[in-house]
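Read top to bottom, the protein sequences are chains A and B. Read in order, the letters of the first sequence are residues 1027 to 1667 in the numbering used here. Read in order, the letters of the second sequence are residues 30 to 489 in the numbering used here. Structure, as structure tokens:
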Amino acid sequence: MDKYLLIPLLPLIAFTINIVFGKGIIKEKAHWVSILAVLGSFVISASTFTEVLNGKIINYDVYNWIVSGNFRVTIGFLIDQLTAIMLIVVTSVSLLVHIYSVGYMHGDKGYYRFFAYLSLFTFSMLMLVMGNNLLQLYFGWEAVGLCSYFLIGFWYEKKSAADAGKKAFIVNRFGDFGFGLGVIMIFLMLGTVHYSDIFSKVGTLTGQTINILGYNVDLITLIALLLFCGAVGKSAQIPLHVWLPDAMEGPTPVSALIHAATMVTAGVFMVARFNPLFSLSEVAMNVVALTGAITSLFAATIALVQNDIKRIVAYSTVSQLGYMFLACGVGAYGAGIFHLYTHAYFKALLFLGAGSVMHAMAGELDVQKMGGLKKHMPITYITFLIASLSIAGIPGLAGFFSKDEILWLAYNHGMVGKIVWAMGTVVAALTAFYSFRIIFLAFHGKFRGTHEQEHHLHESPKVMTIPLIILAIGAISAGWFGIPAALGGSNAIAHFFEPVLGHPHVTAGHEEEFMVMGISIAAAIGGIFISWIFYSLKPEMPKNLAKKFKRIYITLWNKYYVDELYDFIIVRPMKWLANSILVAVTDGKIIEGIVNGVPQAIRNFSERLRKLQTGQLQHYGLGMALGLFVILALVLIAAGR
Amino acid sequence: MNIPFPDLRPVTPEIIMTLSATALLILELIFKNKGVLAFIGILAAAAVMYIMPASMGETFGGMFISDSYSIFFKFIFIINLILTILISLRYIQRQKAEYGEYYSLLLFATAGMMLMASAKDLIILYLGLELMALSTYILAGIKRHDVKSNEAAIKYFLLGGFSSALLLYGISLLYGMTTTTDIYKIAEHLKATGVTTTLLLSMILIAVAFLFKIAAAPFHMWAPDVYEGAPTSITAFMSVGPKAAGFAVIGRVFYTAFQNIQTDWTTILIGIAILTMAVGNILAIVQTNIKRMLAYSSIAHAGYILLGIIAGTTEGLNAMMTYLFIYAFMNIGAFAIVIILDRGEELSDYEGLAKNRPLVAALMLVFMFSLTGIPPTAGFIAKFNLFTAVIKAGYTWLVIIAVMFSAISAYYYLRVVMNMYMKEMKQEAAIHLSPSLSLAILITVLMVLIIGIMPSMVIG
Chain A
1027 MDKYLLIPLL PLIAFTINIV FGKGIIKEKA HWVSILAVLG SFVISASTFT EVLNGKIINY
1087 DVYNWIVSGN FRVTIGFLID QLTAIMLIVV TSVSLLVHIY SVGYMHGDKG YYRFFAYLSL
1147 FTFSMLMLVM GNNLLQLYFG WEAVGLCSYF LIGFWYEKKS AADAGKKAFI VNRFGDFGFG
1207 LGVIMIFLML GTVHYSDIFS KVGTLTGQTI NILGYNVDLI TLIALLLFCG AVGKSAQIPL
1267 HVWLPDAMEG PTPVSALIHA ATMVTAGVFM VARFNPLFSL SEVAMNVVAL TGAITSLFAA
1327 TIALVQNDIK RIVAYSTVSQ LGYMFLACGV GAYGAGIFHL YTHAYFKALL FLGAGSVMHA
1387 MAGELDVQKM GGLKKHMPIT YITFLIASLS IAGIPGLAGF FSKDEILWLA YNHGMVGKIV
1447 WAMGTVVAAL TAFYSFRIIF LAFHGKFRGT HEQEHHLHES PKVMTIPLII LAIGAISAGW
1507 FGIPAALGGS NAIAHFFEPV LGHPHVTAGH EEEFMVMGIS IAAAIGGIFI SWIFYSLKPE
1567 MPKNLAKKFK RIYITLWNKY YVDELYDFII VRPMKWLANS ILVAVTDGKI IEGIVNGVPQ
1627 AIRNFSERLR KLQTGQLQHY GLGMALGLFV ILALVLIAAG R
Chain B
30 MNIPFPDLRP VTPEIIMTLS ATALLILELI FKNKGVLAFI GILAAAAVMY IMPASMGETF
90 GGMFISDSYS IFFKFIFIIN LILTILISLR YIQRQKAEYG EYYSLLLFAT AGMMLMASAK
150 DLIILYLGLE LMALSTYILA GIKRHDVKSN EAAIKYFLLG GFSSALLLYG ISLLYGMTTT
210 TDIYKIAEHL KATGVTTTLL LSMILIAVAF LFKIAAAPFH MWAPDVYEGA PTSITAFMSV
270 GPKAAGFAVI GRVFYTAFQN IQTDWTTILI GIAILTMAVG NILAIVQTNI KRMLAYSSIA
330 HAGYILLGII AGTTEGLNAM MTYLFIYAFM NIGAFAIVII LDRGEELSDY EGLAKNRPLV
390 AALMLVFMFS LTGIPPTAGF IAKFNLFTAV IKAGYTWLVI IAVMFSAISA YYYLRVVMNM
450 YMKEMKQEAA IHLSPSLSLA ILITVLMVLI IGIMPSMVIG
């Protein structure tokens, strides 16, 4: 067996072992199975990464599952630069989250189940990124969605958790419907689902149009946008972003792994993987860039006023995912994936840090009720601070380099690029502001919770803090592979990605680059400074401002009423339709008529037919003889003899 | 006249099988422990399996042929034999039916099936058929003290006799027309003479006899009663072996001897296939006894498999053979679960099994999914292969009907799953586990999953 197969297989084996033996035999030792498996995957991924670094590209079919004409369902792996970096991100973050969970989930009655699902998720995510064909991508895509559903609703006794799981699943249906159509379109138009064949043939579709309801639509644009639908759902972009904040109902390690570092980035990965297709359609590219930029700005503004620590981080994730799409949309796929990679570390760190805080605060999420945690949990504080500095874009840290790369390349991408660059810069300031709002409210000042909580405050156990420290190292150094030439670096990561993702050609000089960089640094420092004034220096200011701009504040507090809007235009009409028409008429009469009626009719028929089976031998003999004569008669009549 | 000594190489598998069966009869007097006999039986089967690929060729003046077609079927028979012995070992002790001839008869029946698959002459064919049939009649009634088992044996015997008579009638008519019993010479002869009423009559008589063996409607009526009454291990054996043998013969005789009236028998088989799928699936719904349910299910599967013959292409025949191969594992697996449970013959015995015996329930789930044809189990691959082949042969409408009946079948297979997972437990389910039974279940479940996930590793 070759080693690449082991990368996804090990977590799958761990899942099988835990789900079968977890309840009865393994119980609270379940983490060993899962951790060892993902450790194995990580080690193999790392060695694979070095192979790719040395110029090896792995692309082969493991086996054909079904072959029917030119429709081939195969399992195959494509490990190029893009996949290699994803392998590192997925296995390393997954490993750290697994370890952290040992402490976080300690004593939970679903302990073995939790680790089984984590393993299953890791398997699915690895299948998604390693596939060399669209169907495998689709399989992984749906499988990670399913695992996400299981894990959001992990505490299914809690109604809000079960509802959030359902919401995530249903909202993703909308996106995946488009995605599924896109996959079908590609197969219909190109007759293949293999990446290499798709990319070599996709050029032949240039200029072709398809007639939809009387309009001629450019075929490539249509396919790209259909695929993008899936990305919008999976990566929580406007208008399908509503599920991600609610998904925070799941255990915090899940939020860190699935809803920050890996699954939600699948959309970005997919767009980057299909860059030969997207690059052919300017319309699709602009849609991607603008969707990303608008989502980024929109989510950042909401994050400004929220009080739930996990939700702030969740909106921040939506915002940063928008950044990645913005990058893809301006053709800077490499920069987008670079940001995906640095973001995985600092965002997972933010979530795990938030989890550490919750752990100390007995599940409290409201930052207004925290304060002064700095002295009680120094490791959590320092690592959280590093993550915040990184996401804010302070020079030298990981987030700075990837964000700067995106903004610089956007700036150089014509009219649309300038617009999204401006939006991105505003977002950078907002990001710095809300990130430090958490720092000042939760970790500085005086404790504002109950005495009981204060008495209970403690630093988390080592099994939780060590992953935090490792992630902090990542949040600092992950960007050092991408130091731009203007700062004397070699931008190694851009060259690494270039064979797969290309690299936009930039003519502008270093002076301009320093200007763009300076503006974004100023934005970041400005954001942190204002945050300091608001939440440390003059704590009454935010309240006064909120009063003064009451309408804006309430709109942001209510997340632009998107949930209410959907409730009004989709959920309620659907419920009404469901209750008054579907249940009463269609379902009650027609479908139930069919669903119950057909089996009932068959049963009745069956009961009658059964009477022929009398148990009497002579009847059986007679039946045979009759059968023989009927056949004979029919054949002879048909033969006309 | 100088009669040359026949080349025995092609028949070595059959010879070993028959000699072992005879030896078992004698050894039964020596060994008190019947497990030894079972072990010898498995050894014999393994030996046969080992030498089989090397046995290609024709012998006995062209009456017997060992080709890849027959060898594939023989593999199914041997697998069927081994799995049946494995699931029988403890079970027949429990049923107080542990007679030495039990294993001997299993081997004889298998030898009969092997002869049928290799017969190039109608006389050999008939001999093989009777050897198989007589052995299974006795096996069905081997629970001598049990009235139901006796009844099953008698019914099977009388109706089986009836069908043998029809077969002989058909053969004699053919002989009268062509003055030969060699299948290939018959074909040549018939090409020259053209279609006559007598030919059609003889074809129909022969068809009916084999349709009886594969339990196709309306010649299926013995199956539910016999399957229910026979010991469960024998039910498993009968639902795979004789059925596969029947298909082997239909494939060979109809494709060669009756080549010139292919449209006629295709039309008949289409009608029979639809009726069989309908009767099997519809009547399975109302069953409360799982053995009867599986009996109707096996009727339904015979209906699907007939489509492979109807297709009239090599691809169709291959798909039919693959289907039977897969069917052997999933069906015997399901029966093995019935055997493992102390009380497992009624559908209500499965209520709440998942809480009480999660592993047993999970295994049954796999087999039920496979029988329904849900991926990634082997049952899906079997159906997919078969239906693709039939569609390519131009019978799309027939496949639509088959898929509809397949959907109906989900109702009764998944009802077992529903009983296991969604109903409350009534009583603790006791199980009888033995190493041989566990081995059989392990083999079957692995095959069902491996073929389901990696079809190309096994098929091809």
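Just so you know, even glycine gets a beta-carbon here, dropped at the ideal spot from N, CA and C. Every value quoted in this text rests on a predicted model; they were computed, and no experiment measured them.
Nearest-angstrom Cα distance between P1487(A) and P1302(A)? If you number the first sequence from 1, residue 1487(A) lands on position 461. If you number the first sequence from 1, residue 1302(A) lands on position 276. In this structure, the straight-line span from the alpha carbon of P1487(A) to that of P1302(A) is close to 47 Å.
S1150(A): contacting residues in chain B (beta-carbon distance under 9 Å): For this step, residue 1150(A) is matched to residue 124 along the first sequence. Those within 9 Å of S1150(A) in chain B number zero; the least Cβ separation is about 15 Å.
Nearest-angstrom Cα distance between I152(B) and M206(B)? Locating residue 152(B) in the second sequence gives position 123, counting from the first residue. Locating residue 206(B) in the second sequence gives position 177, counting from the first residue. For I152(B) and M206(B), the distance between alpha carbons rounds to 16 Å.
Which residue from L1113(A), G1256(A), E1538(A), G1505(A) puts its Cα closest to that of S1073(A)? For the purposes of this step, residue 1073(A) is taken as the residue at position 47 of the first sequence. Nearest C-alpha to S1073(A): L1113(A).
Return the first residue and the last residue of the beta strand (DSSP E) that N1085(A) is part of. By one-based count along the first sequence, residue 1085(A) stands at place 59. Per DSSP, N1085(A) belongs to the beta strand (DSSP E) from 1084 to 1094.
For G1318(A) and Y1678(A), believed in contact at Cβ under 8 Å, the rounded distance: Any question about residue 1678(A) goes unanswered here, given that chain A covers just 1027 to 1667.
When DSSP labels each residue in this structure, what does F34(B) get in the three-state scheme? Indexing the second sequence from 1 puts residue 34(B) at position 5. Note: F34(B) maps to coil in three-state DSSP.
Let me know if L118(B) comes out buried or exposed under the rule of 16 or more other beta-carbons within 10 Å of its beta-carbon. By 1-based counting over the second sequence, the position of residue 118(B) is 89. So L118(B) counts as buried.
Assigned exposure category for P1525(A) - 16 Cβ within 10 Å defines buried: In the first sequence, the residue the question calls residue 1525(A) occupies position 499. Exposed is the call here.
Which class does R386(B) belong to by DSSP, given the choice of helix, strand or coil? What you label residue 386(B) is simply residue 357 of the second sequence in a count that begins at 1. DSSP places R386(B) in coil when its eight states are reduced to three.
What would DSSP say about H1481(A), mapped onto helix, strand or coil? Here residue 1481(A) refers to the residue found at position 455 when the first sequence is read from its first residue. H1481(A) falls in the helix class under three-state DSSP.
Rounded separation between Y1241(A) and P484(B) - CA only: In the first sequence, residue 1241(A) corresponds to position 215, counting from 1. In the second sequence, residue 484(B) corresponds to position 455, counting from 1. Cα-Cα distance, rounded: 44 Å.
Measuring only the C-alpha atoms, how far is V1588(A) from F1364(A)? By 1-based counting over the first sequence, the position of residue 1588(A) is 562. By 1-based counting over the first sequence, the position of residue 1364(A) is 338. Each residue's alpha carbon lies about 31 Å from the other.
By DSSP, does P1241(A) sit in helix, in strand, or in coil? Locating residue 1241(A) in the first sequence gives position 215, counting from the first residue. Looking at the sequence itself, residue 1241(A) is Tyr, so the reference to Pro does not match. Note: Y1241(A) maps to strand in three-state DSSP.
Distance check for N1044(A) and I1052(A), CA to CA, integer angstroms please. As a first step, residue 1052(A) is located in the first sequence; it is residue number 26 there, counting from the start. As a first step, residue 1044(A) is located in the first sequence; it is residue number 18 there, counting from the start. If I take the Cα positions, the gap works out to 7 Å.
Tell me whether M433(B) is buried or exposed, calling it buried when 16 or more other Cβ atoms sit within 10 Å of its Cβ. Position 404 of the second sequence, counted from the first residue, corresponds to residue 433(B). Flag for M433(B) reads exposed.
Looking at C-beta atoms only, is the number of pairs between the region 1323 to 1342 of chain A and the region 1274 to 1285 of chain A that lie closer than 8 Å three or more? yes
Could you give the distance in angstroms between the alpha-carbon of T1100(A) and the alpha-carbon of W1167(A)? Mapped onto the first sequence, residue 1100(A) falls at position 74. Mapped onto the first sequence, residue 1167(A) falls at position 141. Taking the Cα positions, T1100(A) is about 16 Å away from W1167(A).
Counting only Cβ-Cβ distances shorter than 9 Å, please list the residues of the region 1645 to 1660 of chain A near chain B, keeping chain order. Those would be H1645, Y1646, G1647, G1649, M1650, A1651, L1652, G1653, L1654, V1656, I1657, L1658, L1660, in chain order.
For G408(B), would you say it is in contact with chain A, using Cβ-to-Cβ distances shorter than 9 Å as the test? Residue mapping note: residue 408(B) aligns to position 379 of the second sequence, counting from 1. For G408(B), the answer is no, since every Cβ of chain A falls outside 9 Å of its Cβ.
I1628(A) at chain B interface by Cβ criterion, 9 Å: As a working mapping, residue 1628(A) is identified with position 602 in the first sequence. Yes, I1628(A) counts as interfacial toward chain B.
Completely contained beta strand (DSSP E) runs for the region 1188 to 1240 of chain A, where each covers 3 or more residues: 1235 to 1238
Would the region 1277 to 1287 of chain A count as touching the region 1212 to 1225 of chain A if we require 3 or more Cβ pairs under 8 Å? In short, these stretches do not touch, since the Cβ pair count stays below three.
Whose C-alpha, out of V278(B), V176(B), E180(B), G332(B), is nearest the C-alpha of H546(B)? The first residue shown for chain B is 30 and the last is 489, placing residue 546(B) beyond what the model contains.
Let me check one thing: in DSSP terms, what residues is A148(B) bridge-paired to? By one-based count along the second sequence, residue 148(B) stands at place 119. Answer is F93(B).
Can you tell me whether G1508(A) is buried or exposed, with buried defined as 16 or more other CB within 10 angstroms of its CB? The count along the first sequence starts at 1 and reaches residue 1508(A) at position 482. Buried is the call here.
What are the boundary residues of the alpha helix (DSSP H) that includes F434(B)? Within the second sequence, residue 434(B) is the residue found at index 405, counting from 1. Segment 425 to 451, the alpha helix (DSSP H) holding F434(B).
Using a Cβ cut-off of 8 Å, pull out every chain A residue sitting near K184(B), in sequence order please. As a position in the second sequence, residue 184(B) is number 155, starting the count at 1. In chain order: L1643, Y1646.
Quick check: what's the CA-CA separation for A1668(A) versus A1310(A)? Only positions 1027 to 1667 of chain A appear in this structure, which leaves residue 1668(A) out of reach.
Under a three-way DSSP split, which group does N1159(A) fall into? Against the first sequence, residue 1159(A) aligns to sequence position 133. In the structure shown, N1159(A) sits in a strand (DSSP, three-state: E or B).
If the cut-off is 7 Å on Cβ atoms, which residues from the region 160 to 186 of chain B count as contacting chain A, listed in chain order? Listed by position, the residues of the region 160 to 186 of chain B near chain A (Cβ gap below 7 Å) are K184.
Which same chain residues end up closer than 7 Å to T343(B) when comparing Cβ atoms and leaving out the 5 residues on each side of it in sequence? Locating residue 343(B) in the second sequence gives position 314, counting from the first residue. Here the set comprises nothing.
What does V1099(A) pair with, by DSSP beta-bridge criteria? For the purposes of this step, residue 1099(A) is taken as residue 73 along the first sequence, with counting starting at 1. The partner list for V1099(A) (beta bridge, DSSP) reads I1092(A).
Among L229(B), P405(B), M143(B), I369(B), which residue has its Cα nearest to the Cα of I273(B)? Numbered from its first residue, the second sequence carries residue 273(B) at position 244. With the sequence shown as reference, residue 273(B) is identified as Ala, and Ile is not the correct amino acid for it. Ranking L229(B), P405(B), M143(B), I369(B) by Cα distance to A273(B) puts M143(B) first.
Nearest-angstrom beta carbon gap, K320(B) and Y379(B) [assumed within contact, 8 Å]: Sequence index remark: in the second sequence, residue 379(B) carries index 350 (1-based). Sequence index remark: in the second sequence, residue 320(B) carries index 291 (1-based). 13 Å between Cβ atoms; not a contact.
Pull out every residue of the region 254 to 267 of chain B whose Cβ sits closer than 7 Å to any Cβ of chain A, in chain order. D254
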